[in-house]
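J.:
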């Protein structure tokens, strides 16, 4: 089952083409993780007294950043938007994300209050999807995907003056791009093996190395997806290890070929990810700039896992963190060996959730999620659902504790300490409208003790005669993340 709580705002023209099955392309102002599910909210003007009819939902199958250097005529083919509208979009935004969507019909249309702003619009109530009703069947969608990918989004020749790409990656990505690219000019290679087209003098396109260097300027957890979708395999392995340490995993093994130390990656013959506690996890990391994953990745995980983690291999959680799809030979092997294939974007998302809300990622519940079907590439969807569920559960808890801290802050005078009853009474009067939701003294006391713990430190607790007593004072705020953030 899939639960959908919000809708992506898209052009009504774009939506008409999507629901007819003519295209699979759309735009988003923000990056969307692979397999993210959402309703499709038509961006139309209606009076505030009316509602907007939402009839379709979609699953994100690809997301890439583009800018106005891309041919607008080709973008128009992908999204059904006229070039004039595309020009208007790029006048407002330097960059936008191009999506490939698998579109489905909702079991029943829903009415949504019109909202003038926001990339995502909250639905009046969450929709649970049990049976999928695709606009295109599997074969039709695969064909549409091929057409989507076949439209060249390369920067048109008269808008740039140089192209420098590593030769083997260039031929993998665009084997026919040079055919007739510039008449009368032969491609040459530099002493470094880079392919250069013609005698070119202006600014070059951003190379893979430049992408990695740009990513390195961000906080490490903001770089996971960017590096995973580049050729920086060694750096990606380090970021994956950092991620699992941040989530709460550890490993006492000092052998660099079976370690969790981000600075002691094992190289050839070493397993990329190896955790011992609180339960065994092994994994292989495959960064890719072109979405191609080696065919031997599953056998590699089996061999290295058994070689370095023999006693724990059978019961270990098995992961492949990869920026791309397994081929039709590898995915059945992953499923048969209970391997979870997850995207770098998904790993980044769960790490950011943990950093934003300490205690939001329950590792025991994560274990249960990763031990259950589905495996292979479908595992990414179940992990996204786990992340969404964890976020939905933690936010009300954080909000409650934030309001308790705010109550103490606002009610205490200089040198005054507040009792449990005083705090409970003020909190209920200010923040609770439903009598059934009012807190009792014992519940408030437990919350206050938690918030005044030395490990938390949002409140202080009074000591008298060497013993703690039930009076509290304010120390620092507990901020609440922007709830409209996507």
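Residue numbers (the working numbering): 1317 to 1802. Idealized CB from N, CA, C, for every residue including glycine.
Go ahead and pull the three-state DSSP assignment for residue 1274.
T.: Shown here, the chain extends from 1317 to 1802; a query on residue 1274 therefore has no answer.
J.: For residue 1771, count neighbouring C-beta atoms within 10 Å of its own C-beta (all shown protein chains included) and say buried if the count is 16 or more, exposed if not.
T.: Within the chain shown, residue 1771 is the residue found at index 455, counting from 1. Per the 10 Å Cβ criterion, exposed.
J.: Going along the chain, which residues of its own chain have a beta-carbon closer than 7 Å to the beta-carbon of residue 1757, five neighbours each way excluded?
T.: In the chain shown, counting from the first residue as 1, residue 1757 sits at position 441. Only 1736, 1737 and 1740 meet the Cβ criterion.
J.: Measure from the alpha carbon of residue 1363 to the alpha carbon of each residue in 1432, 1410 and 1642, then state which is nearest.
T.: On the chain shown, position 47 is the one that residue 1363 refers to. Checking every option, the nearest Cα to that of residue 1363 belongs to 1432.
J.: Helix or strand or just coil, what does DSSP make of residue 1429?
T.: As a working note, residue 1429 is residue 113 in the chain shown. The answer is coil: DSSP assigns residue 1429 none of H, G, I, E or B.
J.: Whether or not the stretch 1675-1688 and the stretch 1716-1735 are in contact is what I'm after, with contact meaning three or more pairs of Cβ atoms, one per stretch, closer than 8 Å; do they touch?
T.: Short answer: they don't touch.
J.: If contact is defined by three or more beta carbon pairs under 8 Å, each pair taking one atom from either stretch, is the stretch 1437-1448 in contact with the stretch 1317-1324?
T.: Judged by Cβ distances under 8 Å, the stretch 1317-1324 makes contact with the stretch 1437-1448, as three or more pairs qualify.
J.: Find the nearest neighbour of residue 1428 within the set 1590, 1748 and 1370, judged by alpha-carbon distance.
T.: On the chain shown, residue 1428 is found 112 positions in, with the first residue counted as 1. When only C-alpha atoms are compared, the closest one is 1370.
J.: Going straight from the alpha carbon of residue 1640 to that of residue 1747, what length do you get?
T.: For the purposes of this step, residue 1640 is taken as residue 324 along the chain shown, with counting starting at 1. For the purposes of this step, residue 1747 is taken as residue 431 along the chain shown, with counting starting at 1. Their backbone Cα atoms lie some 47 Å apart in a straight line.
J.: Does DSSP put residue 1421 in a helix, in a strand, or in coil?
T.: If you number the chain shown from 1, residue 1421 lands on position 105. Three-state DSSP puts residue 1421 in a strand.
J.: Do you know how far the Cα of residue 1710 is from the Cα of residue 1699?
T.: Here residue 1699 corresponds to residue number 383 of the chain shown, with the count starting at 1. Here residue 1710 corresponds to residue number 394 of the chain shown, with the count starting at 1. Using only the alpha carbons, I get a separation of about 16 Å.
J.: To the nearest angstrom, report how far apart residue 1404 and residue 1397 are at their CA atoms.
T.: Sequence index remark: in the chain shown, residue 1404 carries index 88 (1-based). Sequence index remark: in the chain shown, residue 1397 carries index 81 (1-based). Distance between the alpha carbons of residue 1404 and residue 1397 is about 11 Å.
J.: Quick check: residue 1342 and residue 1350, are their CB atoms within less than 8 Å of each other?
T.: The residue given as residue 1342 occupies position 26 in the chain shown. The residue given as residue 1350 occupies position 34 in the chain shown. Contact: no.
J.: For residue 1743, which of helix, strand or coil comes out of DSSP?
T.: Translated into the one-based positions of the chain shown, residue 1743 becomes position 427. Note: residue 1743 maps to helix in three-state DSSP.
J.: Taking the alpha carbon of residue 1306 as the point to measure from, which residue in 1572, 1555, 1373 and 1448 has its own alpha carbon closest?
T.: Coverage of the chain is limited to positions 1317 through 1802, which leaves residue 1306 absent and any answer about it impossible.
J.: Would you call the CB atoms of residue 1395 and residue 1330 closer than 8 Å?
T.: For this step, residue 1395 is matched to residue 79 along the chain shown. For this step, residue 1330 is matched to residue 14 along the chain shown. Yes.
J.: Pairs of beta-carbons, one from the stretch 1687-1697 and one from the stretch 1720-1729, closer than 8 Å: are there three or more?
T.: Not touching, per the Cβ criterion.
J.: Using 8 Å as the cut-off, can you tell me whether the stretch 1616-1629 makes contact with the stretch 1588-1599, which would need three or more C-beta pairs spanning the two stretches below that distance?
T.: The stretch 1616-1629 is in contact with the stretch 1588-1599.
J.: With hydrogens ignored, establish whether the beta-carbon of residue 1566 is closer than 7 Å to any heavy atom of the ligand GDP.
T.: Among the components of this structure there are no ligands whatsoever, and the ligand GDP is therefore not found.
J.: Can you give me the C-alpha to C-alpha distance between residue 1765 and residue 1567, rounded to a whole angstrom?
T.: As a working note, residue 1765 is residue 449 in the chain shown. As a working note, residue 1567 is residue 251 in the chain shown. Computed Cα separation, rounded: 32 Å.
J.: Could you check if residue 1708 is buried or exposed, using at least 16 other CB atoms within 10 Å of its CB as the buried criterion?
T.: The sequence position of residue 1708 within the chain shown is 392, counting from 1. With fewer than 16 Cβ atoms within 10 Å of its Cβ, residue 1708 is classed as exposed.
J.: Along the chain, where does the beta strand (DSSP E) containing residue 1319 start, and where does it finish?
T.: Counting from one through the chain shown, the residue named residue 1319 turns up at place 3. Unbroken beta strand (DSSP E) run through residue 1319: 1318-1327.
J.: Which residues mark the beginning and the end of the beta strand (DSSP E) in which residue 1619 is found?
T.: Within the chain shown, numbered from 1, the residue matching residue 1619 stands at position 303. Taken as a continuous stretch (DSSP letters only), residue 1619 belongs to no beta strand (DSSP E), being part of the alpha helix (DSSP H) at 1613-1624.
J.: DSSP state of residue 1759, grouped into three classes?
T.: Counted from its first residue, the chain shown places residue 1759 at position 443. If DSSP states are grouped into helix, strand and coil, residue 1759 belongs with the helices.
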